[in-house]
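In the working numbering, the protein residues as written are 109 to 358.
Read through the structure below, which is laid out as C-alpha coordinates, and then see the notes.
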(Lines of atoms letter the chains of each structure in order from A; the text may use other names.)
(Lines give C-alpha, C1' and ligand atoms only; values in the text may rest on other atoms or scores of the structure.)
Protein backbone atom coordinates (compact mmCIF):
# COMPACT_ATOMS: atom_id res chain seq x y z
CA UNK A 109 0.00 0.00 0.00
CA UNK A 110 2.70 2.51 1.02
CA UNK A 111 4.74 1.60 -2.05
CA UNK A 112 1.74 2.26 -4.30
CA UNK A 113 1.12 5.63 -2.62
CA UNK A 114 4.74 6.66 -3.21
CA UNK A 115 4.57 5.59 -6.86
CA UNK A 116 1.46 7.72 -7.46
CA UNK A 117 2.95 10.57 -5.44
CA UNK A 118 6.14 10.67 -7.51
CA UNK A 119 4.16 10.41 -10.74
CA UNK A 120 1.98 13.36 -9.73
CA UNK A 121 4.97 15.34 -8.49
CA UNK A 122 6.81 14.78 -11.78
CA UNK A 123 3.80 16.10 -13.69
CA UNK A 124 3.61 19.16 -11.45
CA UNK A 125 7.33 19.80 -11.87
CA UNK A 126 6.89 19.84 -15.64
CA UNK A 127 4.14 22.42 -15.12
CA UNK A 128 6.17 24.57 -12.74
CA UNK A 129 4.95 27.71 -14.51
CA UNK A 130 1.52 27.20 -12.92
CA UNK A 131 3.10 26.85 -9.50
CA UNK A 132 4.70 30.25 -9.99
CA UNK A 133 1.33 31.65 -11.08
CA UNK A 134 -0.17 30.17 -7.92
CA UNK A 135 2.27 32.26 -5.89
CA UNK A 136 1.74 35.50 -7.82
CA UNK A 137 -1.81 36.17 -6.61
CA UNK A 138 -1.00 35.92 -2.88
CA UNK A 139 2.09 38.09 -3.43
CA UNK A 140 -0.01 40.79 -5.11
CA UNK A 141 -2.47 40.73 -2.22
CA UNK A 142 0.45 40.86 0.20
CA UNK A 143 2.09 43.86 -1.47
CA UNK A 144 -0.92 45.90 -2.61
CA UNK A 145 -3.68 44.99 -0.18
CA UNK A 146 -1.88 43.83 2.96
CA UNK A 147 -0.53 47.20 4.15
CA UNK A 148 -4.04 48.66 3.90
CA UNK A 149 -6.08 45.89 5.46
CA UNK A 150 -3.66 45.33 8.34
CA UNK A 151 -4.28 48.95 9.37
CA UNK A 152 -8.03 48.31 9.40
CA UNK A 153 -7.87 45.12 11.45
CA UNK A 154 -8.44 46.04 15.06
CA UNK A 155 -5.92 43.62 16.57
CA UNK A 156 -3.02 45.73 17.88
CA UNK A 157 0.33 44.27 16.90
CA UNK A 158 -1.23 41.31 15.11
CA UNK A 159 -2.42 42.77 11.79
CA UNK A 160 -0.24 40.53 9.65
CA UNK A 161 -0.92 37.50 11.84
CA UNK A 162 -4.60 38.00 10.98
CA UNK A 163 -4.03 38.70 7.27
CA UNK A 164 -1.42 36.06 6.38
CA UNK A 165 -3.72 33.08 7.11
CA UNK A 166 -6.06 34.55 4.49
CA UNK A 167 -3.23 34.44 1.95
CA UNK A 168 -2.46 30.86 2.94
CA UNK A 169 -6.10 29.89 2.57
CA UNK A 170 -6.31 31.54 -0.84
CA UNK A 171 -3.22 29.64 -2.02
CA UNK A 172 -4.62 26.37 -0.67
CA UNK A 173 -7.97 26.81 -2.42
CA UNK A 174 -6.32 27.87 -5.69
CA UNK A 175 -4.11 24.77 -5.73
CA UNK A 176 -6.80 22.29 -4.68
CA UNK A 177 -10.23 23.46 -5.81
CA UNK A 178 -9.86 22.67 -9.52
CA UNK A 179 -7.76 19.48 -9.44
CA UNK A 180 -10.86 17.54 -10.43
CA UNK A 181 -10.59 19.00 -13.93
CA UNK A 182 -7.14 17.44 -14.34
CA UNK A 183 -8.59 14.14 -13.12
CA UNK A 184 -11.24 14.29 -15.86
CA UNK A 185 -8.48 14.77 -18.44
CA UNK A 186 -6.88 11.54 -17.18
CA UNK A 187 -10.26 9.83 -17.15
CA UNK A 188 -11.01 10.72 -20.78
CA UNK A 189 -7.51 9.71 -21.87
CA UNK A 190 -8.02 6.28 -20.31
CA UNK A 191 -5.24 6.79 -17.78
CA UNK A 192 -7.47 6.04 -14.79
CA UNK A 193 -8.90 2.94 -16.41
CA UNK A 194 -5.43 1.55 -17.11
CA UNK A 195 -4.27 2.49 -13.62
CA UNK A 196 -7.14 0.71 -11.91
CA UNK A 197 -6.64 -2.37 -14.08
CA UNK A 198 -3.32 -2.88 -12.25
CA UNK A 199 -3.03 -4.19 -8.66
CA UNK A 200 -2.76 -0.58 -7.38
CA UNK A 201 -5.44 0.06 -4.78
CA UNK A 202 -8.02 2.82 -5.09
CA UNK A 203 -6.89 4.28 -1.77
CA UNK A 204 -3.28 4.44 -2.98
CA UNK A 205 -4.27 6.41 -6.09
CA UNK A 206 -6.31 8.92 -4.10
CA UNK A 207 -3.82 9.29 -1.25
CA UNK A 208 -0.86 9.60 -3.63
CA UNK A 209 -2.58 12.42 -5.50
CA UNK A 210 -3.57 14.16 -2.26
CA UNK A 211 -0.05 13.84 -0.86
CA UNK A 212 1.35 15.59 -3.93
CA UNK A 213 -1.12 18.46 -3.46
CA UNK A 214 -0.25 18.66 0.24
CA UNK A 215 3.47 19.06 -0.52
CA UNK A 216 2.83 21.82 -3.07
CA UNK A 217 0.52 23.74 -0.72
CA UNK A 218 2.98 23.38 2.17
CA UNK A 219 5.81 24.73 -0.01
CA UNK A 220 3.75 27.71 -1.23
CA UNK A 221 2.58 28.45 2.31
CA UNK A 222 6.15 28.42 3.60
CA UNK A 223 7.20 30.85 0.86
CA UNK A 224 4.36 33.23 1.74
CA UNK A 225 5.20 33.15 5.45
CA UNK A 226 8.91 33.64 4.75
CA UNK A 227 8.28 36.65 2.50
CA UNK A 228 5.89 38.22 5.00
CA UNK A 229 8.47 37.71 7.73
CA UNK A 230 11.25 39.30 5.67
CA UNK A 231 9.35 42.27 4.24
CA UNK A 232 6.62 42.91 6.82
CA UNK A 233 8.17 41.53 10.02
CA UNK A 234 5.56 38.86 10.55
CA UNK A 235 6.28 37.10 13.88
CA UNK A 236 7.08 33.44 13.20
CA UNK A 237 6.65 31.28 16.32
CA UNK A 238 7.97 27.92 15.12
CA UNK A 239 5.27 25.72 16.64
CA UNK A 240 2.56 28.17 15.65
CA UNK A 241 3.78 28.29 12.05
CA UNK A 242 3.96 24.48 11.89
CA UNK A 243 0.40 24.17 13.20
CA UNK A 244 -0.86 26.86 10.83
CA UNK A 245 0.77 25.04 7.90
CA UNK A 246 -0.81 21.76 8.97
CA UNK A 247 -4.25 23.35 9.13
CA UNK A 248 -3.81 24.94 5.71
CA UNK A 249 -2.63 21.68 4.16
CA UNK A 250 -5.61 19.89 5.71
CA UNK A 251 -8.01 22.32 4.02
CA UNK A 252 -6.26 21.78 0.68
CA UNK A 253 -6.39 17.99 1.01
CA UNK A 254 -10.08 18.01 1.95
CA UNK A 255 -11.05 20.38 -0.86
CA UNK A 256 -9.01 18.39 -3.40
CA UNK A 257 -10.66 15.14 -2.30
CA UNK A 258 -14.13 16.65 -2.73
CA UNK A 259 -13.06 18.08 -6.11
CA UNK A 260 -12.03 14.59 -7.27
CA UNK A 261 -15.37 13.22 -6.06
CA UNK A 262 -17.38 15.86 -7.92
CA UNK A 263 -15.29 15.29 -11.04
CA UNK A 264 -16.12 11.60 -11.27
CA UNK A 265 -19.74 12.24 -10.35
CA UNK A 266 -20.31 14.86 -13.06
CA UNK A 267 -17.80 13.73 -15.71
CA UNK A 268 -18.32 17.10 -17.35
CA UNK A 269 -15.59 19.72 -17.28
CA UNK A 270 -17.90 22.67 -17.87
CA UNK A 271 -20.37 21.67 -15.15
CA UNK A 272 -17.53 20.93 -12.75
CA UNK A 273 -15.80 24.24 -13.42
CA UNK A 274 -19.05 26.17 -12.94
CA UNK A 275 -19.85 24.34 -9.70
CA UNK A 276 -16.39 24.80 -8.23
CA UNK A 277 -16.18 28.46 -9.23
CA UNK A 278 -19.57 29.07 -7.64
CA UNK A 279 -18.46 27.41 -4.40
CA UNK A 280 -15.02 29.00 -4.11
CA UNK A 281 -15.99 32.65 -3.64
CA UNK A 282 -18.61 32.11 -0.88
CA UNK A 283 -16.23 29.77 0.96
CA UNK A 284 -13.51 32.41 0.87
CA UNK A 285 -15.68 35.43 1.69
CA UNK A 286 -17.78 33.76 4.40
CA UNK A 287 -14.63 32.51 6.13
CA UNK A 288 -13.80 36.13 6.99
CA UNK A 289 -10.51 35.72 5.21
CA UNK A 290 -9.60 39.28 4.30
CA UNK A 291 -11.79 41.06 6.86
CA UNK A 292 -12.60 38.98 9.95
CA UNK A 293 -16.32 38.44 10.53
CA UNK A 294 -17.06 38.82 14.23
CA UNK A 295 -20.20 39.26 16.28
CA UNK A 296 -19.21 42.86 16.98
CA UNK A 297 -18.35 44.12 13.49
CA UNK A 298 -20.89 42.39 11.25
CA UNK A 299 -24.68 41.97 10.84
CA UNK A 300 -26.15 39.03 12.73
CA UNK A 301 -27.13 37.14 9.57
CA UNK A 302 -23.60 37.46 8.15
CA UNK A 303 -22.01 36.24 11.36
CA UNK A 304 -24.42 33.29 11.47
CA UNK A 305 -23.64 32.43 7.85
CA UNK A 306 -19.90 32.54 8.54
CA UNK A 307 -20.36 30.12 11.46
CA UNK A 308 -21.95 27.65 9.02
CA UNK A 309 -18.76 27.69 6.95
CA UNK A 310 -16.34 25.07 8.35
CA UNK A 311 -13.36 26.89 6.85
CA UNK A 312 -14.09 29.80 9.22
CA UNK A 313 -13.09 27.64 12.18
CA UNK A 314 -9.88 26.49 10.51
CA UNK A 315 -8.98 30.07 9.64
CA UNK A 316 -9.63 31.23 13.22
CA UNK A 317 -7.34 28.46 14.44
CA UNK A 318 -4.61 29.40 11.97
CA UNK A 319 -4.74 33.01 13.15
CA UNK A 320 -4.50 31.96 16.78
CA UNK A 321 -1.49 29.78 15.95
CA UNK A 322 0.38 32.60 14.21
CA UNK A 323 -0.33 34.87 17.19
CA UNK A 324 1.26 32.22 19.40
CA UNK A 325 -2.02 31.59 21.23
CA UNK A 326 -1.76 27.81 20.96
CA UNK A 327 -4.07 27.05 23.86
CA UNK A 328 -7.01 29.01 22.50
CA UNK A 329 -10.36 27.26 22.11
CA UNK A 330 -10.30 28.30 18.44
CA UNK A 331 -7.24 26.10 17.87
CA UNK A 332 -9.00 22.97 19.13
CA UNK A 333 -12.18 23.80 17.21
CA UNK A 334 -10.21 24.45 14.03
CA UNK A 335 -8.10 21.31 14.36
CA UNK A 336 -11.18 19.17 14.91
CA UNK A 337 -12.94 20.76 11.95
CA UNK A 338 -9.90 20.30 9.70
CA UNK A 339 -9.59 16.65 10.71
CA UNK A 340 -13.28 16.08 10.06
CA UNK A 341 -13.06 17.71 6.63
CA UNK A 342 -10.09 15.55 5.64
CA UNK A 343 -11.80 12.37 6.84
CA UNK A 344 -15.05 13.21 5.05
CA UNK A 345 -13.22 14.19 1.86
CA UNK A 346 -11.08 11.06 1.73
CA UNK A 347 -14.03 8.76 2.46
CA UNK A 348 -16.13 10.48 -0.22
CA UNK A 349 -13.26 10.24 -2.70
CA UNK A 350 -12.73 6.54 -2.01
CA UNK A 351 -16.44 5.80 -2.36
CA UNK A 352 -16.64 7.53 -5.74
CA UNK A 353 -13.39 5.95 -7.00
CA UNK A 354 -14.62 2.48 -6.07
CA UNK A 355 -18.06 3.06 -7.54
CA UNK A 356 -16.65 4.38 -10.81
CA UNK A 357 -13.90 1.75 -11.13
CA UNK A 358 -15.07 -1.33 -9.20
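Idealized CB from N, CA, C, for every residue including glycine.
Using only the alpha-carbon positions, how far apart do residue i and residue j sit?
i           : j           : result
residue 141 : residue 167 : 8 Å
residue 321 : residue 241 : 7 Å
residue 210 : residue 192 : 15 Å
residue 137 : residue 113 : 31 Å
residue 159 : residue 284 : 19 Å
residue 133 : residue 251 : 20 Å
residue 313 : residue 238 : 21 Å
residue 124 : residue 135 : 14 Å
Just tell me which of the options has its CA closest to the CA of residue i.
i           : options               : result
residue 316 : 200, 248 and 217      : 248
residue 111 : 184, 200 and 310      : 200
residue 254 : 231, 310, 229 and 124 : 310
residue 346 : 126, 205, 295 and 243 : 205
residue 116 : 312, 212 and 197      : 212
residue 323 : 333, 256 and 236      : 236
residue 148 : 232, 314 and 287      : 232
residue 172 : 226, 350, 351 and 246 : 246
residue 186 : 257, 163 and 263      : 263
residue 170 : 286, 258 and 151      : 286
residue 256 : 198, 183 and 227      : 183
residue 230 : 281, 139 and 330      : 139
Could you spell out the range, first to last residue, of the alpha helix (DSSP H) harbouring residue i?
i           : result
residue 141 : Unbroken run through residue 141: none, as it is neither H nor E.
residue 319 : 310-323
residue 178 : Looking at the DSSP string, residue 178 is not in any alpha helix (DSSP H), and its letter there is neither H nor E.
residue 118 : 110-126
For this session: Determine, using beta-carbon pairs with one atom in the region 174-181 and one in the region 273-284, whether at least three such pairs fall under 8 Å.
Result: Because the criterion of three Cβ pairs below 8 Å is met, the region 174-181 and the region 273-284 touch.
Problem set entry | Contact between the region 219-228 and the region 303-311 (3+ Cβ pairs under 8 Å) | In the pairwise beta carbon analysis, the region 219-228 is classified as not touching the region 303-311: fewer than three pairs are separated by under 8 Å.
For this session: Say whether the region 256-269 touches the region 342-356, bearing in mind that this needs 3 or more beta-carbon pairs closer than 8 Å, one atom from each stretch.
Result: By the Cβ criterion, the region 256-269 is in contact with the region 342-356, since at least three pairs of Cβ atoms, one from each stretch, lie closer than 8 Å.
Problem set entry | Segment contact, 8 Å Cβ cut-off, at least three pairs: the region 284-296 with the region 197-217 | No, they do not touch.
Problem set entry | Stretch pair the region 181-195 + the region 335-344: three plus CB contacts closer than 8 Å | Of all C-beta pairs linking the region 181-195 to the region 335-344, fewer than three are shorter than 8 Å, placing the two stretches out of contact.
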